[in-house]
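> Chains as they are written, first to last, in my numbering: chain A, 1 to 289; chain B, 290 to 628; chain C, 629 to 873; chain D, 874 to 1129; chain E, 1130 to 1508.
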Ligand SMILES: Nc1ncnc2c1ncn2[C@@H]1O[C@H](COP(=O)(O)OP(=O)(O)OP(=O)(O)O)[C@@H](O)[C@H]1O
Ligand SMILES: Nc1ncnc2c1ncn2[C@@H]1O[C@H](COP(=O)(O)OP(=O)(O)OP(=O)(O)O)[C@@H](O)[C@H]1O
Ligand SMILES: [Mg+2]
Ligand SMILES: [Mg+2]
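(1) For the stretch 16-49 of chain A, list every residue whose C-beta sits within 7 Å of some C-beta in chain C, in sequence order.
(2) Helix, strand or coil for residue 654 of chain C? Go by DSSP, reduced to three states.
(3) Skipping 5 residues on each side, what residues in its chain have a beta carbon closer than 6 Å to that of residue 363 of chain B?
(4) Hey, residue 868 of chain C and residue 858 of chain C: beta-carbon distance below 8 Å or not?
(5) Could you please tell me which residues of the stretch 469-488 of chain B, in chain order, have their CB closer than 9 Å to any CB of chain D?
(6) Which of the three DSSP states, helix, strand or coil, is assigned to residue 678 of chain C?
(7) Among the residues of its own chain, which have a CB less than 6 Å from the CB of residue 892 of chain D, if the five just before and after it don't count?
(8) For residue 936 of chain D, write down the residues that DSSP places opposite it in a beta bridge.
(9) Should residue 916 of chain D be listed as close to ligand 2, given that the test is whether its C-beta is under 7 Å from any heavy atom?
(10) Measure from the alpha carbon of residue 947 of chain D to the alpha carbon of each residue in B:369, B:509, B:335, B:331, then state which is nearest.
(11) Quick one: measure Cβ to Cβ for residue 13 of chain A and residue 122 of chain A, integer angstroms, because I've assumed they're closer than 8 Å.
(12) Taking only beta-carbon atoms, is residue 1297 of chain E less than 8 Å away from chain A?
(13) What does residue 724 of chain C reach in chain A if we use C-beta pairs closer than 8 Å?
(14) Grouping DSSP H, G and I as helix and E and B as strand, with all else coil, what is residue 1149 of chain E?
(15) First and last residue of the alpha helix (DSSP H) that includes residue 1487 of chain E?
(16) If the cut-off is 9 Å on Cβ atoms, which residues from the stretch 495-524 of chain B count as contacting chain D, listed in chain order?
(17) Using 8 Å as the threshold, is the C-beta distance between residue 1085 of chain D and residue 804 of chain C below it?
(18) Can you list, in chain order, the residues of the stretch 732-765 of chain C whose Cβ is nearer than 7 Å to any Cβ on chain A?
(19) Is residue 493 of chain B close to ligand 3? I mean its beta-carbon at under 7 Å from any heavy atom of the ligand.
(20) For the putative contact between residue 1304 of chain E and residue 1275 of chain E, defined by C-beta atoms under 8 Å, what is the C-beta separation to the nearest angstrom?
(21) Tell whether a beta-carbon distance below 8 Å holds between residue 62 of chain A and residue 52 of chain A.
(22) What span of residues does the beta strand (DSSP E) with residue 1106 of chain D cover, start to end?
(23) Near residue 645 of chain C, which residues of its chain fall below 6 Å by C-beta distance, leaving aside the five closest residues on each side in sequence?
(24) Taking contact to mean 3 or more Cβ pairs, one atom from each stretch, closer than 8 Å, check whether the stretch 1324-1332 of chain E and the stretch 174-192 of chain A are in contact.
(25) For a minimum of 3 consecutive residues, which ranges assigned as the beta strand (DSSP E) are wholly contained in the stretch 804-845 of chain C?
(26) Per DSSP, what kind of secondary structure is residue 505 of chain B in: helix, strand or coil?
(27) The beta strand (DSSP E) with residue 1192 of chain E in it runs from where to where?
(28) Determine whether the Cβ of residue 88 of chain A lies closer than 8 Å to any Cβ atom of chain C.
(29) Considering only DSSP beta bridges, list what residue 673 of chain C is partnered with.
(30) State yes or no: is the beta carbon of residue 807 of chain C nearer than 8 Å to at least one beta carbon in chain D?
(31) Give the DSSP-derived three-state secondary structure of residue 1255 of chain E in the structure shown.
(32) Scan the stretch 1247-1333 of chain E and note each continuous beta strand (DSSP E) run of 3 residues or more that stays entirely inside, going in chain order.
(33) Which of the three DSSP states, helix, strand or coil, is assigned to residue 580 of chain B?
(34) So the alpha helix (DSSP H) residue 1176 of chain E belongs to, where does it begin and stop?
(35) Residues in the same chain with beta-carbon distance under 7 Å from residue 395 of chain B, minus the five sequence neighbours each way, listed in chain order, please.
(36) My parser needs the alpha helix (DSSP H) runs of 4 or more residues fully inside the stretch 880-934 of chain D; what are they?
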């Protein structure tokens, strides 16, 4: 595979990894799959791109507010929708998930209504380009990689070392016990959602520079992260990143070798064989309880 | 709270409970008749009713594996598509009645569901979701890609079904669809209460109990997936015969999300919840273009509202009422629960 | 810490726990129908009753983990408005019934989470661990992989991390080997001697009958009698159950 | 006390550095109640798990009659006629007590994929099972389980444990493995269970009971096995066991 | 919810009702809105000039969000609500899905912007029409142009939406038919985040001309950017979409579109086009930019109007269809100045030849510039 493609793999892997890390956090802390993260990333990025391209806002301010919006929307999702439903159904998973998918659609259409249904250009934070042999590496990809590594290391440390991080894992493990003992479950769940929103917002605004962003990008982004989580598993904080890079490699390589049509066949076939013969995923935690 | 003298089968004495199936069948039949009456009006209403039935079958197909057994299979667009394309292929290529497409679609969909189910048998539902989602995507590519078989982006025509020299009209298909949903709903409702239903539901929360009772939890899962896929495929055949065309865009990923929505919107405790969900979805999609710009925004908001105020689905709203009624009828006070 | 100072665990005997008109209901089901009870400080108090009598509901209400009506006082101080975290910080410890641990967290992390809730330092974790040699050995293991009894040890030692003005033990002995039960009862006795109000809920007290100072029988959410001494309590329990003693 | 139903020889299982079960040999005869006791973490639950297939043994054979037992739990349960309870009750909380117990009565209807499919169809045709319902009602009365149509979520832990035992009993097993059935039970429930156990044993069933309520166990069982640190350290009559030195050192603590 | 006026619901009423299936929220929403604005404009003009056959014209719409499961039902509902003619202003797949209804209900259906000849492919095409030129016409023009410019090795990059995939064999067939060889044919997923693998394959095939086919937007921009970076010296062609999408131009890197040739329909030299552009500008709003979508929508209304006038009303459906088929030499508002449209019983594509197309080239500012000097399609 040409070096340029490896650059793409790294970019894609980092982006999908960030989204997947958001999934990981909410799954770990609140035990729901926050499918709306892709659209959240899109929403934040759309806001930033809209303000920069239409209203001429300076990039850092627009991006910052975009990320803040993603965080706020994610938090509101928990506060206004998921939490009441979670309470009323006694913690059943399905109604919460459906609500989240509904939010996914709502965000998509809201973005379409507010920011228009045509794609908006993203602006790179660092527009330099470096040549490395045959390959061209943009400054933006370097920013993306750096942010990803920082985010993963930060989250790993936070989950292990900080009080809130440990409580987040405890709440995800046994919400009932946590509530009984007096762990501030509501606060912890909110933190999980907001952090996931933050990761998504950052990922979206960094990635938008590559190909622009449109109101339909969100669903695609959700799927990319979802795959990464599935392949990587949930046994380890770094698992989503490993999963994301593997998926990105497979998809890029298969397109390069066999053309696009094969990409989806091959992805399916590999996943199928993988799960059929190596059912544990890559990282998995299992306790016997 | 632990009086032993309360007759254990107290529930069985309620007249409503004793004739439960008859009541349910009649109630559903009344609803079905209402649908038919509605569909006897303007001709777009027949499409409307058939779409409701198609979505109902889609949601009913989800019911056993997803709601009862807890396996989130996401390949329903494929099952629906297989049903429709089977009818198209058999009627245009072989020149047979498209009705033959129905059994062929059933067998094919069920077979695929079995293979997908077997691959993820030892995994949590999460992985099943992943593999089936990828399959769903690959299926879409396949429909577009294999032009010689599927007609590519244009799709292929599905001829009106005929049997014994009679060609069914759109109205006939509508009637057939409503009757089909009525039968499948009723059968599933009975199935839910039967030992099979109980075992399948237990598998969702305590698979290890099912296993240690001598029942292979994997087999149960695979069989429910197959039955669900078969039901979904019938819905697809219906849709194809009504629309007269099988097109790749009709079997996109959005179908999957609808399929997940519907049973939960209506209520999980009964298959009729799935049907109610289907009605809601169709009505929401066609009637909620208040501000035409926002399209599905209102659809999504409507769903959120339903979930917010009836987290257990619309039928979930009805159950407490019904319970209160029966209890009052039996001369007990609401405070007496648990005695 | 200031709150715990207020509640106090003095030898004066004022830190006893009293409830008046305590009611708990789940939807329409009434679990406790207005109890009036006093638990003496410095004693091991038992609440016995058949399954479903409302013992756990009582203990959870005392800890503030289920909503309840009526008043609860400790040493004369009303606990109204205090969340379970507040009560834990004020020195009320609970060993809940069943496996209320965090399965994918290690043994040590399980304790660290609770240390965070009651805001004590890492030192308290080490102290708590050292109470059971078995747990020290398994400190890095995920709690979900422990044996049933080891998990119970973890829950007990976690509750002991509080100041123990009041110690609520819900079927604490369940699943523990006699040797451990004895150790634990010795700890309970020691704490009681130091002024702690120990309240134990049990569905049968055969194993610990000798350790109980006084207790009540709870049947279907109401008090069915009171007795001093474990043996008398057991008699009373059996007769109110309609069994021959 | 005749034929050997179940035998384990040289069974070991370890997790990382922890040897949970070490070279255990054990026999269970028809019509026998065998007590398995030992300190916490001795490996009792692990041994039960290994026998029923919830965990796979590192070494050793488990035989039922003369056939050696392998494969997933469902296969073993079918071949050997196992029924078991779990130390922590495993119930579907949003289903009724009756439904949770019912599964014990129907495993033969699900023994192959085709039979599963067939029972789906026959279930849709005839959902009611009055004869099974009657059996459940009787069993519930014996065990003092009150309302069969309550949701399991509303049950207390003690009540849930009874439901768990009822499910295993309903199966009419050849070999019954009970992991701490008496824990947290009230006297009446315990009485009911003992009664049910003695009855089932008369039919030739073999029962293995793991529990820490030594008094109840000792008065109930025909033979007592003591485990410590993964190994069997004593195997004999309950009276002998209770008086033994091993029992005092590893289980009661030297004080007793 | 359709915004139908109740007066329209009875066919003998005093208005003529045009029913439009559009897309306000799905994949076609991006361009369908341009068409809608122009259709509105045309209806307003007609009404201001006294209407058709003595009646005012009104419009009722339904949005299918490009979801083909909805299209037939919505089409029928339009008819039920009194629509006398159907305008299919959504994706090509929607038009195909609606085809059956059009034929069954014998109602005149026109799809103004869709290029796919599959929509009007017999059998069962009696009363459904498109304006054209079709994708085949674009193929022929490109073929002639590429040949004249002396290219021989073609690479194609197309996005994977069904509409575009339907065009691929048609265009490639036309071009290879003219003697070029196709050395690479790559597919790009719509909403792709990265296309470097496809570009790498194209690069390995060493083409001397590249054709990009997409609905425009993000995918097009990604591909053009990557091609500009990786194969800067190879001539690129693209479909009409890119010429009509200022937003896509903004997505492309500076200078990435320079030299790109696309099959537009806007010829600044056509006086009718400039006239229309002025009217549209007067309407205002951000959907009133001059695009082929707009002109085609505008023309479709006038085509229908001509047929209705000739038929003397809309009461007789088959007569209306006949008069539509009699339209001949209609001077369109797009294409080159000599472009006309005619219909007939066997001619369901309006365009009389390929001069409905204008091959134009992008300038260094990423904006469409002068007509391509090498070749222009003729009629
Ligand atoms: N979450 C709940 N929802 C509904 N009812 C409940 C709930 N928890 C307990 N109950 C009911 O409240 C009553 C008292 O329950 P509680 O747990 O206090 O009993 P207990 O005495 O602790 O029993 P056990 O000895 O079995 O633990 C029981 O009838 C029980 O069914
Ligand atoms: N999956 C596992 N991973 C790590 N350690 C394990 C695992 N399963 C069991 N163990 C360890 O093996 C030992 C035996 O456990 P087991 O549950 O069999 O004990 P037990 O005899 O049933 O004890 P109890 O009476 O407390 O229930 C324990 O120390 C436990 O921590
Ligand atoms: Mg209790
Ligand atoms: Mg154990």
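Beta carbons: idealized from backbone N, C-alpha and C, even for Gly.
Let's see:
(1) Residues passing the 7 Å Cβ filter: none.
(2) Here residue 654 of chain C sits in strand by DSSP.
(3) Answer for residue 363 of chain B: 418, 421, 422, 425, 545, listed in chain order.
(4) Not a contact, by the Cβ cut-off of 8 Å.
(5) For the stretch 469-488 of chain B, which is checked against every Cβ of chain D, the residues closer than 9 Å are 475, 476, 477, 478, 479, 480, 481, 482, 483, 484, 485, 486, 487, 488.
(6) In this structure, residue 678 of chain C counts as coil in the three-state DSSP scheme.
(7) Answer for residue 892 of chain D: 1103, listed in chain order.
(8) D:880, D:941.
(9) When distances are taken from the beta-carbon of residue 916 of chain D to the heavy atoms of ligand 2, the shortest one is below 7 Å.
(10) Checked all of B:369, B:509, B:335, B:331; the closest Cα to residue 947 of chain D is B:509.
(11) The beta-carbon separation of residue 13 of chain A and residue 122 of chain A, rounded to 19 Å, does not stay under the 8 Å limit for a contact.
(12) Not a single C-beta of chain A is nearer than 8 Å to the C-beta of residue 1297 of chain E.
(13) Those are 177, 180, 181, listed as they occur along chain A.
(14) Residue 1149 of chain E falls in the strand class under three-state DSSP.
(15) Secondary structure note for residue 1487 of chain E: it is in no alpha helix (DSSP H), and the uninterrupted beta strand (DSSP E) holding it is 1487-1491.
(16) Going along the stretch 495-524 of chain B in chain order, one finds 495, 497, 498, 499, 500, 501, 502, 503, 504, 505, 506, 507, 508, 509, 511, 512, 513, 515, 516 with a Cβ nearer than 9 Å to chain D.
(17) If you check the CB distance, residue 1085 of chain D and residue 804 of chain C come in under 8 Å.
(18) For the stretch 732-765 of chain C, the set of positions with a beta-carbon nearer than 7 Å to some beta-carbon of chain A reads 732, 733, 737, 740, 741, 742, 744, 745 in chain order.
(19) No; taking the cut-off as 7 Å, the Cβ of residue 493 of chain B has no heavy atom of ligand 3 nearer than that.
(20) Yes, they are in contact, since the Cβ atoms of residue 1304 of chain E and residue 1275 of chain E sit about 6 Å apart, within 8 Å.
(21) Between residue 62 of chain A and residue 52 of chain A, the gap from beta carbon to beta carbon is short of 8 Å.
(22) Looking at the DSSP string, the run of the beta strand (DSSP E) that includes residue 1106 of chain D is 1104-1109.
(23) Hits under 6 Å: 667, 702, 794, 825.
(24) Flag = no, the stretch 1324-1332 of chain E and the stretch 174-192 of chain A do not touch.
(25) Segments of the beta strand (DSSP E) lying fully in the stretch 804-845 of chain C: 825-830.
(26) DSSP places residue 505 of chain B in coil when its eight states are reduced to three.
(27) Segment 1185-1192, the beta strand (DSSP E) holding residue 1192 of chain E.
(28) Taking Cβ atoms only, chain C never reaches closer than 8 Å to residue 88 of chain A, which makes this a no.
(29) DSSP output for residue 673 of chain C lists C:827, C:842 as bridge partner(s).
(30) With 8 Å as the cut-off, residue 807 of chain C counts as an interface residue toward chain D.
(31) Secondary structure of residue 1255 of chain E (DSSP, three-state): coil.
(32) Counting only runs of 3 or more, we get 1257-1259, 1282-1288, 1310-1317.
(33) Residue confidence for residue 580 of chain B is low, a pLDDT of 49 falling below 50, so the modelled location carries little weight; the figure read from the coordinates is stated next. Residue 580 of chain B falls in the coil class under three-state DSSP.
(34) If you look at residue 1176 of chain E, you'll find it in the alpha helix (DSSP H) that goes 1158-1177.
(35) If we look at residue 395 of chain B and ignore the five residues flanking it on each side, its Cβ neighbours are 519, 522, 523.
(36) Secondary structure within the stretch 880-934 of chain D: the alpha helix (DSSP H) runs of 4 or more consecutive residues, fully enclosed, are 917-925 (chain order).
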